[in-house]
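Number of protein chains: 2
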Amino acid sequence: MTEPIKLLLADDQALVRGALAALLSLEPDLTVVAEVGRGDEVVAEARRTDPDVALLDVEMPGLDGIAAAAALRAALPACRVLMVTTFGRPGYLRRAMEAGANGFVVKDTPARQLAEAVRRVHAGLRVVDPTLAAETLATGASPLTERETGVLRAARDGGTVADLAGALHLSEGTVRNHLSAAIGKTGARNRAEAVRIAEQNGWLLGD
Amino acid sequence: MTEPIKLLLADDQALVRGALAALLSLEPDLTVVAEVGRGDEVVAEARRTDPDVALLDVEMPGLDGIAAAAALRAALPACRVLMVTTFGRPGYLRRAMEAGANGFVVKDTPARQLAEAVRRVHAGLRVVDPTLAAETLATGASPLTERETGVLRAARDGGTVADLAGALHLSEGTVRNHLSAAIGKTGARNRAEAVRIAEQNGWLLGD
DNA sequence: TTCGCGCCGTGACATTTGTCAGGGGTGGGG
DNA sequence: CCCCACCCCTGACAAATGTCACGGCGCGAA
């Protein structure tokens, strides 16, 4: 038998990180060589342990999983990336693929399939939930311009226009215009609804 | 050696459910006898398999983990309940304890401690994250009246006042009054901010 | 019983928000 | 070159939102 596949696990929740390690360690051809809880620790830890496949969560402090995937592929091109995430946001899949991820699995897929997904990714195949792929195609890329997403992001925690204007160093009128545009593009009737829709589609990723 | 402790796992994400099963099965004195993905399946499955300890997530379809805990304690008083949840919302802990849970663990505690928490709960001890407990005491119970929380819940997905009034069979003016009261009590400056604050404190649980 | 409190409603008011029509600036592609 | 998209701003307007004062109902506690 050949060498086992070396894995790196990145998830901010220590419990699920450890549980995933236990699950994958049951497979004789897999071995977990590294675990991190922050996106900005992925590359350094990968450099140290040289894993064959990295399993990355999208929601992580420091650096989100998509950005971590891009950084990892740039630093260690030989290391495959399998995104493992809670939310099947259409935009997440698109962004992950653009960042060079080799697979995308949502956390409500059966546990038995995870090891198989890891093996496929390691073999050079792409692994994508077909339902999510179809949804991604249907939803399309974000229609929002950079400013509009920025304004929506700032509006997430529910501040007034004046707050947003101050935070973004813009005029209040400009903020309202961008918000209005975003509301129109998302088909929302509210600022709040626009935020919700954009978030559900994964259009608010980044900082 | 005595009989192993029988566990029931309830979590809506199949992957983490299976991973937790793998993690706990590594312990020789623990055995997973049941897994469910919905809150409203907990009691039936527990009746069938008679577990010693049930690990329940709070966020679940069908019935939230708190309500499931209450139902389970009523149906099988001998079965201990350990809440295992993503969010350490102060209100969650309070509500869980009121529902009769024996322990409360957030998902970013180290994986090694989970088995120990299970054993403690099984032994009749209470297990609570001390940080979260302090925060819960500080935050206090929800200051919101029943109607106010209902209105805030309905306002979560960002509809207009007319929408809320229609959904709740209230006058628009009444809705605005309740919203205003909720905004005042939460210290928010917005409907959106009020929703966010209430949600972070775990005051919006239920339907 | 009276009091307080939650609940429901009304009406009026100031503020905020969303929309629209402008204007000027930059930079890339036909 | 012009056109177009994006960006920033202004000003004005209608609509939605938040606030306040008010009255009425039911209920439990003092």
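Protein chains in written order, with the numbering used here: chain A, 2 to 208; chain B, 2 to 208. Cβ coordinates follow ideal geometry from the N, Cα and C atoms, glycine included.
**Prompt:** Taking the C-alpha atoms as reference points, what is the distance between B:F293 and A:G38?
**Reply:** Nothing about residue 293 of chain B can be reported from this structure: the residues present for chain B run from 2 to 208 only.
**Residues bridged to B:M84 (per DSSP)** = On the second sequence, residue 84 of chain B is found 83 positions in, with the first residue counted as 1. DSSP output for B:M84 lists B:L57, B:F105 as bridge partner(s).
**C-beta contact flag for A:V33 and A:L16 at 9 Å** = Residue numbering aside, residue 33 of chain A sits at position 32 when the first sequence is read from its first letter. Residue numbering aside, residue 16 of chain A sits at position 15 when the first sequence is read from its first letter. No; because the gap between Cβ atoms is not below 9 Å, this pair is not in contact.
**Request:** Can you grab the Cα-Cα spacing for the pair A:E60 / B:L133, in whole Å?
**Result:** Translated into the one-based positions of the first sequence, residue 60 of chain A becomes position 59. Translated into the one-based positions of the second sequence, residue 133 of chain B becomes position 132. Taking the straight line from one Cα to the other gives about 22 Å.
**Asked** Is the region 112 to 131 of chain A touching the region 156 to 163 of chain A in the sense that three or more CB pairs, one from each, lie closer than 8 Å?
**Response** Segments in contact, no.
**Item:** B:T86 versus A:G174: straight-line alpha-carbon distance, rounded
**Value:** The residue given as residue 86 of chain B occupies position 85 in the second sequence. The residue given as residue 174 of chain A occupies position 173 in the first sequence. B:T86 and A:G174: Cα-Cα distance of roughly 42 Å.
**Request:** Given a cut-off of 9 Å, decide if A:L8 and A:A45 are closer than it, judged by their beta-carbon atoms.
**Result:** Position 44 of the first sequence, counted from the start, is the residue given in the question as residue 45 of chain A. Position 7 of the first sequence, counted from the start, is the residue given in the question as residue 8 of chain A. In this structure, A:L8 does not lie closer than 9 Å to A:A45 by Cβ.
**Asked** For a contact meaning CB atoms closer than 8 Å, what does B:N191 contact in chain A?
**Response** Reading the second sequence from its first residue, position 190 is the one you call residue 191 of chain B. Residues of chain A passing the Cβ test: G159, G160, T161.
**Asked** Do B:A182 and B:A199 come within 9 Å of each other at the CB atom, strictly closer than that value?
**Response** To locate residue 199 of chain B, count along the second sequence from 1; it is residue 198. To locate residue 182 of chain B, count along the second sequence from 1; it is residue 181. No, they are not a contact pair.
**Message:** Extract the residue ranges of the beta strand (DSSP E) inside the region 5 to 68 of chain B, only unbroken runs of 3 or more that lie entirely within it.
**Reply:** 6 to 11, 31 to 37, 54 to 57
**Request:** Spatial neighbours of A:M168 within its chain, please: CB distance less than 6 Å, with the 5 preceding and 5 following residues excluded, ordered by chain position.
**Result:** Taking the first sequence and counting its residues from 1, one reaches residue 168 of chain A at position 167. Here residue 168 of chain A is Ala; the residue named in the question, Met, does not match the sequence. Contacts found: A155.
**C-beta atoms of A:G125 and A:R81 nearer than 9 Å** = Here residue 125 of chain A corresponds to residue number 124 of the first sequence, with the count starting at 1. Here residue 81 of chain A corresponds to residue number 80 of the first sequence, with the count starting at 1. Cβ atoms of A:G125 and A:R81: closer than 9 Å.
**Message:** Between B:R154 and chain A, is any beta-carbon pair separated by less than 9 Å?
**Reply:** Here the question's residue 154 of chain B lines up with position 153 in the second sequence. Output row for B:R154: interface = no.
**Item:** Residues of its chain near B:A195, where Cβ-Cβ distance is below 7 Å and the 5 sequence neighbours each way are ignored
**Value:** Sequence index remark: in the second sequence, residue 195 of chain B carries index 194 (1-based). L153, A183, I184, T187, A189.
**Prompt:** Per DSSP, B:V129 forms a beta bridge with which residues?
**Reply:** Taking the first residue of the second sequence as 1, we reach residue 129 of chain B at position 128. DSSP output for B:V129 lists B:F105 as bridge partner(s).
**Asked** Hey, A:A55 and A:A68: beta-carbon distance below 9 Å or not?
**Response** Taking the first residue of the first sequence as position 1, residue 55 of chain A is located at position 54. Taking the first residue of the first sequence as position 1, residue 68 of chain A is located at position 67. Against a cut-off of 9 Å, the Cβ pair of A:A68 and A:A55 comes out as no contact.
**Asked** Along chain A, in chain order, which residues have C-beta atoms closer than 9 Å to that of B:T19?
**Response** Here residue 19 of chain B is taken as the residue at index 18 of the second sequence, counted from 1. The question names Thr, but residue 19 of chain B is Gly in the sequence shown. Chain A residues near B:G19: A20, L24, P111, A112, R113, L115.
**Asked** How long is the line joining the alpha carbons of A:G101 and B:R96, rounded to whole angstroms?
**Response** Within the first sequence, numbered from 1, the residue matching residue 101 of chain A stands at position 100. Within the second sequence, numbered from 1, the residue matching residue 96 of chain B stands at position 95. In a straight line, the C-alpha of A:G101 is about 43 Å away from that of B:R96.
**Request:** Consult DSSP for B:G151 and reduce its assignment to one of helix, strand or coil.
**Result:** Mapped onto the second sequence, residue 151 of chain B falls at position 150. Correct three-state label for B:G151: helix.
**Message:** Along the chain, where does the alpha helix (DSSP H) containing B:P91 start, and where does it finish?
**Reply:** The sequence position of residue 91 of chain B within the second sequence is 90, counting from 1. Here the alpha helix (DSSP H) through B:P91 covers 91 to 99.
**Item:** Straight-line gap, B:R148 to B:Y93 (C-alpha atoms, nearest Å)
**Value:** Start at 1 with the first residue of the second sequence, and residue 148 of chain B comes out as number 147. Start at 1 with the first residue of the second sequence, and residue 93 of chain B comes out as number 92. Rounded to the nearest whole angstrom, the C-alpha separation of B:R148 and B:Y93 is 19 Å.
**Prompt:** In the structure shown, what three-state DSSP assignment does B:H179 receive?
**Reply:** Position 178 of the second sequence, counted from the start, is the residue given in the question as residue 179 of chain B. Of the three classes helix, strand and coil, the one that applies to B:H179 here is helix, per DSSP.
**Item:** Range of the contiguous alpha helix (DSSP H) that encloses B:G159
**Value:** Along the second sequence, read from residue 1 onward, the residue named residue 159 of chain B stands at position 158. Unbroken run through B:G159: none, as it is neither H nor E.
**chain A contact for B:V196 (CB, 9 Å cutoff)** = Locating residue 196 of chain B in the second sequence gives position 195, counting from the first residue. Answer yes: the Cβ-Cβ gap between B:V196 and chain A drops below 9 Å somewhere.
**Message:** Strictly under 9 Å for the Cβ-Cβ distance: is A:L27 near chain B by that measure?
**Reply:** Start at 1 with the first residue of the first sequence, and residue 27 of chain A comes out as number 26. It does: the Cβ of A:L27 has a partner Cβ on chain B nearer than 9 Å.
**Where A:L115 sits in the DSSP three-state scheme** = In the first sequence, residue 115 of chain A corresponds to position 114, counting from 1. In the structure shown, A:L115 sits in a helix (DSSP, three-state: H, G or I).
**Asked** Starting from B:R197 and walking both ways along the alpha helix (DSSP H), at which residues does that stretch end?
**Response** Locating residue 197 of chain B in the second sequence gives position 196, counting from the first residue. Start and end: 192 to 201.
**Asked** Taking 9 Å as the CB-CB cut-off, is B:T50 touching chain A?
**Response** Counting from 1 along the second sequence, the entry for residue 50 of chain B is found at position 49. No, its Cβ sits nowhere closer than 9 Å to a Cβ of chain A.
**Request:** Confirm the yes/no value for this check: CB of A:D58, any heavy atom of the ligand ATP, distance under 8 Å.
**Result:** The model on display carries no ligand, and the ligand ATP is accordingly not part of it.
**Asked** What did DSSP end up calling A:A72 once you bin it into helix, strand or coil?
**Response** Counted from its first residue, the first sequence places residue 72 of chain A at position 71. Under the three-state reduction of DSSP, A:A72 is assigned to helix.
**Message:** Measuring only the C-alpha atoms, how far is A:G203 from A:P91?
**Reply:** Position 202 of the first sequence, counting from 1, holds the residue named residue 203 of chain A. Position 90 of the first sequence, counting from 1, holds the residue named residue 91 of chain A. Approximately 6 Å between the Cα atoms of the pair.
**Asked** From the beta carbon of B:G38, is the nearest beta carbon of chain A less than 9 Å away?
**Response** Position 37 of the second sequence, counting from 1, holds the residue named residue 38 of chain B. True, the Cβ-Cβ gap to chain A drops below 9 Å.
**Request:** Report buried or exposed for B:R74, applying the criterion of at least 16 other Cβ atoms within 10 angstroms of its Cβ.
**Result:** If you number the second sequence from 1, residue 74 of chain B lands on position 73. The residue in question, B:R74, is buried, as its Cβ has 16 or more Cβ neighbours within 10 Å.
**Request:** Report the three-state DSSP secondary structure of B:G188 (helix, strand or coil).
**Result:** In the second sequence, counting from the first residue as 1, residue 188 of chain B sits at position 187. If DSSP states are grouped into helix, strand and coil, B:G188 belongs with coil.
**Request:** Name, going along the chain, the residues of the region 80 to 109 of chain B whose beta-carbon falls closer than 9 Å to a beta-carbon of chain A.
**Result:** V85, T87, V106, V107, K108, D109
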